[in-house]
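Enquirer:
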Amino acid sequence: MPASILRALSVLLLTFSWSISQAAQDGNADLYDAVAPANSAFVRVLNLSERNIEVTLSGKNKPQAVTSGQFGGYRFVAPGKQRIAVGDKALESELKANTASTVIYRDGTLLLIADQFVNEPRKAQIAFYNLTEKPAALKTVDGQHVVVEMITRDQTGSRMVNELKIAFAAFAAFAAYAEADKLASFDELFLKKGRSYSYALLPEGNGYRAITLANSIDPTE
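Take the sequence shown: its letters are residues -23 to -1, 1 to 198, numbered as in mature numbering (1 follows the signal peptide of the UniProt record, and there is no 0).
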């Protein structure tokens, strides 16, 4: 893969943490190229269990700790068959080059979801995950504009947007002609071009919980 395309893909997929200096953030494609080989595959875990977990991954020496109810950072691996495990529960999957995946850990099982990323460094990318039983769409907080169309349980949808600061909410339509019901509101973020962000809708008790995240990479070997 040409280096220019790899840089564009890396900028789109991954946002470095706020602890990195702004100068480093502005040059994060070069930093990323220095640690991830060309044509890598990327995978992370969303921990929907009630306990913190340690995730092992083929080709990595150290497990990754993932807090209950949170995403872990993306880890890069060589394309091909990879094994992701939490304790004695494991999933083997063929990961393709230059793709990203999110593995859901829930009720002692692992489920892989293929993330939808597009090579477009001039825009910010939003990924919306619905982990509830109710079909839901991602809309602006006033409900007037659909950002990601309705998706069902354990699905993801994505959208490219211009750089802006905006708040979103998740809605579920009871019927084709019914009023929309707001399920949860997401934290407001400044969406930067060339970066990617995750919005996840989770069940919590008798209601719902929202996670808003600027995606990050975990370079730990």
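Quick reminder that beta carbons are idealized off the backbone N, C-alpha and C, glycines included.
Owing to the predicted nature of the structure, the values given are computational and were not obtained by experimental measurement.
(1) Is the number of C-beta pairs between the region 88 to 98 and the region 108 to 127 that are closer than 8 Å three or more?
(2) Pull up the distance between the alpha-carbon of N139 and that of A101, whole angstroms please.
(3) Give the secondary structure of L168 by DSSP, where H, G and I count as helix, E and B as strand, and everything else as coil.
(4) Round the Cβ separation of I103 and R136 to the nearest angstrom and send it over; I've been treating them as touching at under 8 Å.
(5) Taking DSSP as the reference, what is the three-state secondary structure of P56?
(6) Using a Cβ-Cβ cutoff of less than 7 Å, which residues in the same chain neighbour V60 once the five nearest sequence positions on both sides are dropped?
(7) Over what stretch of residues does the beta strand (DSSP E) that includes L160 continue unbroken?
(8) Taking all protein chains shown into account, do 16 or more other C-beta atoms lie within 10 angstroms of the C-beta of L166, making it buried, or fewer, making it exposed?
(9) Which same chain residues end up closer than 7 Å to V124 when comparing Cβ atoms and leaving out the 5 residues on each side of it in sequence?
(10) Here's a check: name, in chain order, each residue in its chain whose Cβ is nearer than 8 Å to the Cβ of G120, leaving out the five neighbours to either side.
(11) Quick one: is N107 buried, meaning 16 or more other Cβ sit within 10 Å of its Cβ, or exposed?
(12) Out of D65, K169, E31, R83, state which residue places its alpha-carbon closest to the alpha-carbon of G50.
(13) According to DSSP, is R28 part of a helix, a strand, or is it coil?
Expert: This is what the structure holds:
(1) Of all C-beta pairs linking the region 88 to 98 to the region 108 to 127, fewer than three are shorter than 8 Å, placing the two stretches out of contact.
(2) Here residue 139 corresponds to residue number 162 of the sequence shown, with the count starting at 1. Here residue 101 corresponds to residue number 124 of the sequence shown, with the count starting at 1. If you take the alpha carbons of N139 and A101, they lie about 6 Å apart.
(3) Residue 168 sits at position 191 when you count from the first residue of the sequence shown. Strand at L168.
(4) Here residue 103 is taken as the residue at index 126 of the sequence shown, counted from 1. Here residue 136 is taken as the residue at index 159 of the sequence shown, counted from 1. Contact between I103 and R136 holds, since their C-beta atoms are separated by about 5 Å, short of 8 Å.
(5) Here residue 56 refers to the residue found at position 79 when the sequence shown is read from its first residue. The three-state reading of DSSP puts P56 in coil, since its state is none of H, G, I, E or B.
(6) For the purposes of this step, residue 60 is taken as the residue at position 83 of the sequence shown. With the sequence shown as reference, residue 60 is identified as Arg, and Val is not the correct amino acid for it. Excluding positions up to five away in sequence, the list reads S35, A67, E69.
(7) Position 183 of the sequence shown, counted from the first residue, corresponds to residue 160. Here the beta strand (DSSP E) through L160 covers 157 to 162.
(8) On the sequence shown, position 189 is the one that residue 166 refers to. Counting the other CB atoms within 10 Å of its CB gives L166 a total of 16 or more, which places it among the buried residues.
(9) One-based indexing of the sequence shown puts residue 124 at position 147. Answer for V124: I103, L115, K116, T117, R136, F145, listed in chain order.
(10) Start at 1 with the first residue of the sequence shown, and residue 120 comes out as number 143. If the five residues before and after G120 are omitted, its C-beta is found closer than 8 Å to the C-beta atoms of A146, F148, A157, K159, all from its own chain and listed in chain order.
(11) Here residue 107 refers to the residue found at position 130 when the sequence shown is read from its first residue. Under this definition N107 is a buried residue.
(12) The sequence position of residue 50 within the sequence shown is 73, counting from 1. Answer by Cα proximity: E31.
(13) Taking the first residue of the sequence shown as position 1, residue 28 is located at position 51. Correct three-state label for R28: coil.
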